[in-house]
Amino acid sequence: MALHSNHFTVYVALNNFILLLCDLTVPAAGSGISSVSGLLQPYDHLYYSGVRAYFAEEWEKAAELLEKSIATKDALARVRRQCHGECIKAGQDALNKLDTEEGSVRDLWALDWVQQRAECVRFCVGRAVSTMGQQPVSQDIEYEFISRNPYNYLQVTYYKLQKLQKAASAAHTYFVANPNHLEMRNNIEKYRRMDTVKEDDFLDREMEAEKHWTLYDSAQQFEGSSDWVQAVKAWKQCVNETLRQTEECRVQCEMASQLLPEDRGVDAGDGSVFEKAAALSLALLSCQQSCVIQVATRPGRISAQEDFLPMQLEHLHIAQFKAGDVGGAVQTLRSLLLFYPTDTDNLGNLQFYYDTLGGDAESQGAQPAREIVTYVSRSLQEKELLYFGMENLDFSFNDPDLWTPEDVVPETLREAWRAEKEKMNEKLKAGEKEVEMDDSGFYAGGPIPQVGVTITMDDDTLNGTNRVVLDGVMTQEECDAVLQLATAAASAGDGYRGGRRSPHTPHEKFEGLTVLKALKYAQDDMVNQSDARLLHELGERVRNVLHSYFRSPSGLFITFTHLVCRTAITGDQEGRQDLSHPVHVDNCLLEPDTRQCWREPPAFIHRDLSAILYLNENFEGGELFFTDRDAKTVTARVKPSCGRLVGFSSGPVNPHGVTAVTAGRRCSLALWFTKDKLHRDMEREEAEALWAAGGQSVVTQEEEGGKGSSGGGRSGRSQGSPKDRSRGTVTGAKEEL
Numbered sequence: 063m064a065l066h067s068n069h070f071t072v073y074v075a076l077n078n079f080i081l082l083l084c085d086l087t088v089p090a091a092g093s094g095i096s097s098v099s100g101l102l103q104p105y106d107h108l109y110y111s112g113v114r115a116y117f118a119e120e121w122e123k124a125a126e127l128l129e130k131s132i133a134t135k136d137a138l139a140r141v142r143r144q145c146h147g148e149c150i151k152a153g154q155d156a157l158n159k160l161d162t163e164e165g166s167v168r169d170l171w172a173l174d175w176v177q178q179r180a181e182c183v184r185f186c187v188g189r190a191v192s193t194m195g196q197q198p199v200s201q202d203i204e205y206e207f208i209s210r211n212p213y214n215y216l217q218v219t220y221y222k223l224q225k226l227q228k229a230a231s232a233a234h235t236y237f238v239a240n241p242n243h244l245e246m247r248n249n250i251e252k253y254r255r256m257d258t259v260k261e262d263d264f265l266d267r268e269m270e271a272e273k274h275w276t277l278y279d280s281a282q283q284f285e286g287s288s289d290w291v292q293a294v295k296a297w298k299q300c301v302n303e304t305l306r307q308t309e310e311c312r313v314q315c316e317m318a319s320q321l322l323p324e325d326r327g328v329d330a331g332d333g334s335v336f337e338k339a340a341a342l343s344l345a346l347l348s349c350q351q352s353c354v355i356q357v358a359t360r361p362g363r364i365s366a367q368e369d370f371l372p373m374q375l376e377h378l379h380i381a382q383f384k385a386g387d388v389g390g391a392v393q394t395l396r397s398l399l400l401f402y403p404t405d406t407d408n409l410g411n412l413q414f415y416y417d418t419l420g421g422d423a424e425s426q427g428a429q430p431a432r433e434i435v436t437y438v439s440r441s442l443q444e445k446e447l448l449y450f451g452m453e454n455l456d457f458s459f460n461d462p463d464l465w466t467p468e469d470v471v472p473e474t475l476r477e478a479w480r481a482e483k484e485k486m487n488e489k490l491k492a493g494e495k496e497v498e499m500d501d502s503g504f505y506a507g508g509p510i511p512q513v514g515v516t517i518t519m520d521d522d523t524l525n526g527t528n529r530v531v532l533d534g535v536m537t538q539e540e541c542d543a544v545l546q547l548a549t550a551a552a553s554a555g556d557g558y559r560g561g562r563r564s565p566h567t568p569h570e571k572f573e574g575l576t577v578l579k580a581l582k583y584a585q586d587d588m589v590n591q592s593d594a595r596l597l598h599e600l601g602e603r604v605r606n607v608l609h610s611y612f613r614s615p616s617g618l619f620i621t622f623t624h625l626v627c628r629t630a631i632t633g634d635q636e637g638r639q640d641l642s643h644p645v646h647v648d649n650c651l652l653e654p655d656t657r658q659c660w661r662e663p664p665a666f667i668h669r670d671l672s673a674i675l676y677l678n679e680n681f682e683g684g685e686l687f688f689t690d691r692d693a694k695t696v697t698a699r700v701k702p703s704c705g706r707l708v709g710f711s712s713g714p715v716n717p718h719g720v721t722a723v724t725a726g727r728r729c730s731l732a733l734w735f736t737k738d739k740l741h742r743d744m745e746r747e748e749a750e751a752l753w754a755a756g757g758q759s760v761v762t763q764e765e766e767g768g769k770g771s772s773g774g775g776r777s778g779r780s781q782g783s784p785k786d787r788s789r790g791t792v793t794g795a796k797e798e799l
């Protein structure tokens, strides 16, 4: 039965909140991961353990754990789907009474309904998933799987194990979602030249999640060859699969464990049950609305296909008409008009179909598809609630649809948007350039706390916002020491063993070293201990300087530190037109054609401030440059030199790239900072613990305590409250400056 619209808000809120209270309690930080036979274990813990085995070159163990992490994540999704189906009717008797009972009794029946459903879900999921396996994972781990990084590790792992068919499949699976990854492209070409690898071995292991795109491409091919009968069949399948994928995504939003509002950084007022329920409900609805974007984003693409479902209906009704099924075209066109009811072209098409049918009243009276009616009606109800939250509860919501009717948006929000649009129009009429606003919370121009450091370039000379170039941050002796460290150890660093070709260009070699790796090499007497400590100290030095200069209103934490060297490959520079690092933004996905920057995974959305500390200048090229959002108009250039520091906010006001290194070796220390303590660099803390313990690794102690130890959340699983929770990070290839 359908819920009355005036009850919908309360029911969703109570349902979500009671589910959380009954089923999804977050354990205290440091809780161990129990190994319960037959129950699904945390896939993030399995993944992190697999990555550690990878870097320890334990290839068999790495393959087993990485594969298990992928299988466990998939199994968890299936369990959630199954339990959703089993529990959908739980409490139905109490729900039916909501239509007959009056007054306050109605609220009691609502509580009874959602509590029965919550108990059903708790029991159902608990039969298959361990307690820790039910907890939410960190954004770091979510990004790893969205970007298909497990297959990146598996490709190397299987190559080392000489399981070349599996390596080829892993490489192809990763490459589908990362088509600009030059090294993987080269690896795939090498596999193709191997006698033992056949074309059938290049399987996309995530193909099930892309079925609607396969149908989409097939339908367009049939259209191109004017095979309208097959085009109709393919478009129908594509529409159905898109609806199925969207529903699957929505179920995962509903069934996944949720953090309390305060653990999300959401202000829930005085913390009452109803305010927390409202915050949780809006978060759930926002997640379900965002499924439109997730399903409409092709693997390897930055942004979603706009109007993905309506566009399919547009193609379908035209194909049906050309295939002779005018009655079917009427039904499809009526479905399309649910999205755009006043579209003159489609209304004209509908009248044309009526005229073509003549006196066929049955075909003329065909109603929109039931599935589309449900889809649109549900979406509009959710949008009304979310816009209400925006207007009254300071909730943030980005509508994923272009077809949302204007009257769904509250008048106060529409007035604010109209006023903003008028201001923009006035500026355009006056010929003014659009003013780029930076909402990072940083304000350049604060004091420089370090003696001897001078401001070489500021916002004015760099033609931008929240940009600075400082000189004198390091002495020549310190530059030489870190360069020596780079020479001794960078080629054996975090995943770039042997000085691999750069992930951004085939004309340069790329080497990297983290603080923790430097310390471990120092313990093995591969590098000087004092040089490793200097690498760590430089991060703190840069943080202190930039925290003061940019007048950060809150704490600033290092989220990643990387010593990076790029070396021009001799004899491979003639006629070179590419960049050492293409233009990008550090915390969002830049789309130059539309000048949009999407702050969503796989971007490192937690990054707030970026910095580069240069170590040398004896090379050619390698200049940092800033651009407008078109990624073409250069606004400023910075030439590297020893001790020169470039700092800038990580958002869309500062697109930047690096010119080609055409001769020599360019070395720098790349650093990123965050205002969110949860995203601080856990590797630095592990290095500090190593020093404090006199060389005894915390990780080693945990491993000796048993395989079940979680290491205080080092698996990346969210635990405890924001004040004491640790966030693990996976060491791997990162975007470099």
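For the sequence shown, the numbering used here assigns the number 63 to the initial residue and increments by one for each residue that follows. All C-beta atoms, glycine included, are put in the ideal place defined by N, C-alpha and C.
Counted within 10 angstroms of its Cβ, other Cβ atoms place residue i as buried (16 or more) or exposed
i	result
W753	exposed
R603	buried
E10	As displayed, the chain neither begins before 63 nor continues past 799, which places residue 10 out of reach and without an answer.
G288	It is worth fixing the name first, because residue 288 is Ser in this sequence and not Gly. Exposed.
W479	exposed
D257	exposed
P212	buried
E231	For the record, residue 231 in the displayed sequence is Ser; it is not Glu. Per the 10 Å Cβ criterion, buried.
G574	buried
N249	buried
S711	buried
Q350	buried
R396	buried
I150	exposed
Beta-carbon proximity of residue i to residue j, cut-off 7 angstroms
i	j	result
I667	V708	no
A543	D593	yes
F626	S703	It is worth fixing the name first, because residue 626 is Val in this sequence and not Phe. No.
S735	I620	Looking at the sequence itself, residue 735 is Phe, so the reference to Ser does not match. Taking 7 angstroms as the Cβ cut-off, F735 and I620 qualify as a contacting pair.
V535	D520	no
T724	E685	no
V645	A722	no
G633	N680	no
L399	N408	yes
P198	S365	no
Y415	V392	yes
S192	L101	yes
A296	L277	yes
Where the alpha helix (DSSP H) through residue i begins and ends
i	result
Y416	406-419
Y105	105-117
I132	121-149
K800	Because the chain in this structure spans residues 63 to 799, residue 800 falls outside the shown range and cannot be described.
C311	290-317
Start-to-end residues for the beta strand (DSSP E) that takes in residue i
i	result
P644	643-646
V700	696-700
I517	516-519
V626	619-630
Residue i to residue j span [Cα, whole Å]
i	j	result
L608	P241	35 angstroms
A180	L346	15 angstroms
M373	V291	19 angstroms
E745	F622	8 angstroms
E21	E148	Residue 21 lies beyond the residue range present for the chain, which begins at 63 and ends at 799; the question has no answer from this structure.
E310	V141	12 angstroms
G768	Y215	For G768, the predicted model reports a pLDDT of 34, less than 50, meaning its position is unreliable; a value from the coordinates is still stated below. So the alpha carbons of these two residues sit roughly 25 angstroms apart.
Q367	D387	28 angstroms
G770	Q103	Reliability of the predicted coordinates at G770 is poor, the pLDDT of 33 falling under 50, and the value obtained from them is presented with this limitation in mind. Between G770 and Q103, the C-alpha separation is close to 10 angstroms.
L596	I510	21 angstroms
Contact with chain B by residue i, beta-carbon distance below 7 angstroms
i	result
P511	No chain B is present in this structure, which holds just one protein chain.
Nearest-angstrom Cβ-Cβ length linking residue i and residue j, presumed shorter than 8 angstroms
i	j	result
Y505	R669	In fact, because the Cβ distance is near 18 angstroms, the residues do not count as touching under 8 angstroms.
L378	T394	5 angstroms
Q227	V259	6 angstroms
V470	L447	Wrong, their Cβ atoms sit about 10 angstroms apart, outside the cutoff.
E206	Y109	7 angstroms
F688	L578	About 31 angstroms; that fails the 8 angstroms criterion.
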